[in-house]
Amino acid sequence: MKRNNPYIVLVRPQLPENIGMVARAMDNCGFNKLILVSPREKWPNEKAIKSSANSRIILNKVKIFDSLKKALSSFNYIVATSNRNRFLQKPTNNIFLELFKKIPITKKVAFVFGPENSGLSNDDLMLCDSIFNIKLSRSNRSLNLSHAVFLICYKWNEYFNVSTNFINSNNIRSKIASKKEFQFFMDYLKKELNEVGFLYPKHKSKSMFNNIQTMFLRSSLSKIEIQTLWGMIKKLRKSAKNI
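Take the sequence shown: its letter number 210 is residue 210 in our numbering, and every next letter is one higher.
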């Protein structure tokens, strides 16, 4: 079975020098797929190229998106990185072994990193399957962006270079649907729930639907399972209209 190295996704990166150093860190570990979402500075950027040392080939192939939702639409499993406390009902852990066991490595996987000054927003995190915190000293929990990327890439190689880990990680999760397929279903479900008045009162509708979406994300639905749910909801709605 083919093992795919994940994509690294930088959301609203601020310093081009950090982007270059991220490319270098990725290259050190054999990673070469980088996505930028709404970088602050104009791209391509000479400062980023200079700080990448001999890894400019990664920057030459970088993909640029203007929204995280668009950037992640083709992925099957997405891990957000955050060292801040979040009040979201979303799977969170800080143990690499437990994280890697859950990842369908034959599918398209992304690790998402937020801007240097603030990290990922709650809206960013809602697009991801899980949140990973890197264990750090209490005296200083802040990592340079490139250091965080290097640590993820290094630990990935350390774990999946052991063939038994690779084999044991290929379970039913390898059939997980793409985020584009998942989002189509979520958009449809939200529309239906709004029409029947479930997402009420209005000021709580966003948090209510976020909880519903998180519940479905935890299930790691396959394309067939999504199609089944879609058909069930359509049938129920049709039956209700005929009553």
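Glycine included, each C-beta is placed from N, C-alpha and C at the ideal position. Remember, predicted model here, so these are calculated numbers, not experimental data.
Practice item. Let me know the secondary structure DSSP gives residue 166 once reduced to three states. Key: For the purposes of this step, residue 166 is taken as the residue at position 166 of the sequence shown. For residue 166, the pLDDT reaches just 49, beneath the cut-off of 50, and the residue's location in the model is therefore unreliable, although a value from the coordinates is still provided. Residue 166: helix per DSSP, three-state reduction.
Exercise for review: Please name the residue, chosen from 239, 206 and 176, that lies closest to residue 223 on a Cα-to-Cα basis.
Suggested key: Here residue 223 corresponds to residue number 223 of the sequence shown, with the count starting at 1. Selection 239, 206 and 176 evaluated against residue 223 yields 176 as nearest (Cα-Cα).
Exercise for review: State the DSSP-derived secondary structure class of residue 8, mapped to helix, strand or coil.
Suggested key: Residue 8 sits at position 8 when you count from the first residue of the sequence shown. Reduced to three states, the DSSP call for residue 8 is strand.
Practice item. Please look up how many angstroms separate the CB atoms of residue 111 and residue 152, rounded, as I've assumed it's under 8 Å. Key: Position 111 of the sequence shown, counted from the first residue, corresponds to residue 111. Position 152 of the sequence shown, counted from the first residue, corresponds to residue 152. Indeed, because the Cβ distance is near 5 Å, the residues count as touching under 8 Å.
**Study point:** Cβ-based neighbour list, residue 190, same chain, cut-off 7 Å, excluding 5 preceding and 5 following
**Key:** Taking the first residue of the sequence shown as 1, we reach residue 190 at position 190. Result list for residue 190: 209, in chain order.
Exercise for review: Would you mind reading off the limits of the alpha helix (DSSP H) that contains residue 214?
Suggested key: On the sequence shown, position 214 is the one that residue 214 refers to. Element bounds for residue 214: 205 to 218.
Review point. What separation, rounded to the nearest whole angstrom, lies between the Cα atoms of residue 49 and residue 146?
Key: Here the question's residue 49 lines up with position 49 in the sequence shown. Here the question's residue 146 lines up with position 146 in the sequence shown. Their Cα atoms are separated by approximately 14 Å.
Exercise for review: Would you identify the three-state DSSP class for residue 137, choosing helix, strand or coil?
Suggested key: For the purposes of this step, residue 137 is taken as the residue at position 137 of the sequence shown. Per DSSP, reduced to three states, the secondary structure at residue 137 is coil, with no helix or strand assignment.
Review point. What residues are listed by DSSP as bridge partners for residue 63?
Key: Taking the sequence shown and counting its residues from 1, one reaches residue 63 at position 63. For residue 63, DSSP records a beta bridge to 35.
Review point. If we ignore side chains and look at the alpha-carbon of each, how far apart do residue 7 and residue 19 end up?
Key: Against the sequence shown, residue 7 aligns to sequence position 7. Against the sequence shown, residue 19 aligns to sequence position 19. One C-alpha to the other measures close to 14 Å.
Point to revise | Under 8 Å between C-beta atoms of residue 160 and residue 105 | key: In the sequence shown, the residue the question calls residue 160 occupies position 160. In the sequence shown, the residue the question calls residue 105 occupies position 105. Yes, Cβ-Cβ distance for residue 160 and residue 105 is below 8 Å.
**Study point:** Among 30, 29, 230 and 42, nearest to residue 17 - alpha-carbon criterion
**Key:** Residue mapping note: residue 17 aligns to position 17 of the sequence shown, counting from 1. The candidate whose alpha carbon is nearest that of residue 17 is 42.
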